[in-house]
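Taken in sequence, the protein lines are chains A and B.
Just so you know, the first sequence maps onto residues 5 to 168 in this note's numbering.
Just so you know, the second sequence maps onto residues 864 to 1260 in this note's numbering.
Note that the Cβ used here is the ideal one computed from N, Cα and C, for glycine as well.
For clarity, every value in this text was computed on a predicted model and none was experimentally measured.
Step one of this worksheet: look at the structure below.
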Amino acid sequence: MIESVLFYTFAALALVSAVVVIAQKSPFYSAFGLIVVLCSLSGIFAVLGSPFIAVIQLVVYAGAIMVLFLFVLMLLNVQRETDDVGGSAPLRLAAAALASAFAAQVAAVIARARIVSGPEQYEASTRKVAELLFSPAFLYVFEATSILILAALVGAIVLAKRDL
Amino acid sequence: MDALLRLFSLIPGWDQNVPAWASISLAGLLAAGLCLGFISLGPVGYVYVERKLAGFMQDRLGPMRVGPWGLLQTIADTIKLLFKEAIFPAAVNRPLFVVAPCLVVIGAFMGFAVLPFSPTWQGTDLDVGAFYVIAIGSLSTVGLIMAGWASNNKYALFGAMRSAAQIVSYEIPAVMSLIVVVMIAGSLSLQQIVAAQAGGLHNWFLWKFFPLNVIAFLVFFTATLAECNRTPFDIPEAESELVAGFHTEYSGFFFAMFFLAEYTEMFVASAMVSVLFLGGFAAPLPVLQTVAGFDIGPVWLIAKAWALVFVHMWLRWTLPRLRVDQLMHVAWKVLLPIALFLIVVIGGLLTAPATAGGFPWDPWFGWPLTALLCGYLMLTALRAWRWHARQVREAVA
């Protein structure tokens, strides 16, 4: 009972702020809308009984990535969007085609979705997540991702500081 | 919250008539109300102590006019702040300008949800409690950026950017030294971290793997100090460069909210340091844990947190402010390598069977060093007080 109330509250909040993200003209409002979306997703994860993923969601997205977004917005001093969409006619056509393809994809996913009455019961403790991450099934993918992130880190340092 | 739920069950017929979700919500609201009372009354005391300390350290008297020894000064100041008109400059972004201080206070306040005051006095024993505290810290960063941008003021924007850069940077050494504690305790739950330190002062994580954990403690304490935006890391509101940083345009009640958030963050950060390294609600001697059958864990946690808040204030009035580049240097080139080194070394020591429970000499250091430190501090305080009293006497004569 209370779980469903919380779930619908967070879901509604996420949907409304997702609309704000794309409908707002001011990029700052969009960014703050995105933060609300990510925080409500974190709330949904918590309701589903997975506090670790919920906290990761907060730390990584709402904390680090969105702060970075806001930083870039402040540094670039972006202005409000104007009503003029911009771009040439073929570009607009291509954009419309891509958007409808994406909409069709989303519709297909929703149509094929399995409706469940409640969250499936499984243990989602920190220990479980770690065991899964370091199990043979995910270990190589996990390590490869770590190397990728390390490479990105080194790349960023090289770009920012030509002579160390 | 467990304690409150148990109290509810004492009421006859409560368990049968009240649904579980209602009693959980009620207990949560009550617990939150208790904490809210604690944090909103806290600054009245903190500000008075801070001003008195500042006065003492700078050889002045501090507030003296309102009430005996100026005791009512902060109450008068609070009333003044609350009744002052909140001015909204014409160019500010009104909705964000109002939401920002609320977000900062919420971010500071949410830490109370997992602070363990005793085995039963805790909002909720989250599986990832230690991590949660770090996560909500980033919420107040968003609030600070919002405040700086919505103010539409150069200095406010500079302050917000500095504070965002600072908090994001110092979060990394904080998390890295937190990992050391989590590895030793084998859990992220704050309740279990405290349970692993029970049984007396020599069991505290501060004295485990002597002297490695002392270094981890210093790294974590420095990082939390920086995350609270306190001197020597207070460049976001450096008054000699940026007027007042991100809260330049705020006045009245909204300014008071930033103040409230700062002192709340100080308390939460200090409580976290004491939970992770100083045994949390565990007493330094097991005998002192209960008084007349009552568990006085909350008293111990609050006392330890206040002691660390005192250190925050002490540092503020002793050290000069760091420059922006020095600040980043400290975070990335000093604290982070030390924390990484500690993770590797302590992780290795924990996997070796001979040292899995700590070094053999660990129990011998806790008590003597603590006694020595406390004795030295008391002696110094006594000397400072005598010197101060003599100065006052000479000034009067």
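May I ask you to list the residues that DSSP assigns as paired with Thr1153 of chain B?
B:Asp1158
Is Val1057 of chain B close to chain A, meaning its C-beta is less than 8 Å from at least one C-beta of that chain?
no
If you measure beta-carbon to beta-carbon, which residues of the stretch 1006 to 1026 of chain B are closer than 9 Å to chain A?
Ile1008, Met1009, Gly1011, Trp1012, Ala1013, Leu1020, Ala1023, Met1024
Run through chain C and tell me which residues come within less than 9 Å of Pro31 of chain A, C-beta to C-beta.
Absent from the structure is chain C; the protein chains it does hold are A and B.
Hey, would you say Phe972 of chain B sits closer than 8 Å to Ala1013 of chain B, going by beta carbons?
no
Quick one: any contact between the stretch 1186 to 1204 of chain B and the stretch 924 to 933 of chain B, if contact means 3 or more CB pairs under 8 Å?
no
Going by C-alpha distance, which of B:Pro1223, B:Ala917, B:Val1045 is nearest Met1176 of chain B?
B:Ala917
Would you list, in chain order, the members of the stretch 937 to 951 of chain B that have their beta-carbon closer than 8 Å to a beta-carbon of chain A?
none
What residue from A:Leu10, A:Ile69, A:Phe32 has the CA that sits closest to Ser44 of chain A's CA?
A:Leu10
In chain B, which residues lie with their C-beta within 9 Å of the C-beta of Phe36 of chain A?
Leu959, Val962, Val1005, Met1009
Own chain, CB closer than 6 Å to Cys965 of chain B, minus 5 neighbours either side, in chain order:
none
Could you give the C-beta distance for Ala1037 of chain B and Ala1107 of chain B, rounded to a whole number, given that I count them as a contact under 8 Å?
Not a contact, Cβ separation roughly 26 Å.
Taking Leu163 of chain A as the query, report the chain B residues whose CB atoms sit under 9 Å from its CB, ordered along the chain.
Ordered by position in chain B, no residue passes the 9 Å Cβ test against Leu163 of chain A, which lies about 17 Å from the chain.
Relative to the C-alpha of Val1187 of chain B, which residue among B:Met1024, B:Ile1165, B:Val1044, B:Leu1171 is closest?
B:Met1024
Indicate whether at least one CB of chain A lies closer than 8 Å to the CB of Ala998 of chain B.
yes
Can you grab the Cα-Cα spacing for the pair Ala1028 of chain B / Asn81 of chain A, in whole Å?
17 Å
By the criterion of Cβ-Cβ separation under 7 Å, what are the contact partners of Ser21 of chain A in chain B?
Result: empty, since nearest Cβ-Cβ is about 13 Å, beyond 7 Å.
In the DSSP assignment, find the unbroken alpha helix (DSSP H) run with His1251 of chain B in it and report its ends.
1229 to 1259
Would you call Gln1254 of chain B buried or exposed, if buried means 16 or more other Cβ atoms sit within 10 Å of its Cβ?
exposed
Would Tyr995 of chain B count as contacting chain A if we go by Cβ distances under 8 Å?
yes
With burial defined as no fewer than 16 other Cβ atoms inside 10 Å of the residue's Cβ, what is the status of Ser46 of chain A: buried or exposed?
buried
Take Ser1052 of chain B as the anchor and find which of A:Thr149, A:Ala112, A:Arg131, A:Leu77 has the nearest alpha-carbon.
A:Arg131
Between which two residues does the alpha helix (DSSP H) harbouring Thr941 of chain B extend?
936 to 946
Answer with yes or no whether the minimum CB distance from Asp990 of chain B to chain A is below 8 Å.
yes
Using a Cβ-Cβ cut-off of 7 Å (strictly less than) and excluding sequence neighbours within five positions of Pro906 of chain B, which residues of its own chain qualify?
Phe1122, Leu1123, Tyr1126
Please go through the same chain and pick out, in chain order, the residues whose beta-carbon is closer than 7 Å to the beta-carbon of Phe1117 of chain B, but skip the five residues on each side of it.
Ala949, Pro964
Check whether the Cβ atoms of Gly1011 of chain B and Phe951 of chain B sit closer than 8 Å, and answer yes or no.
no
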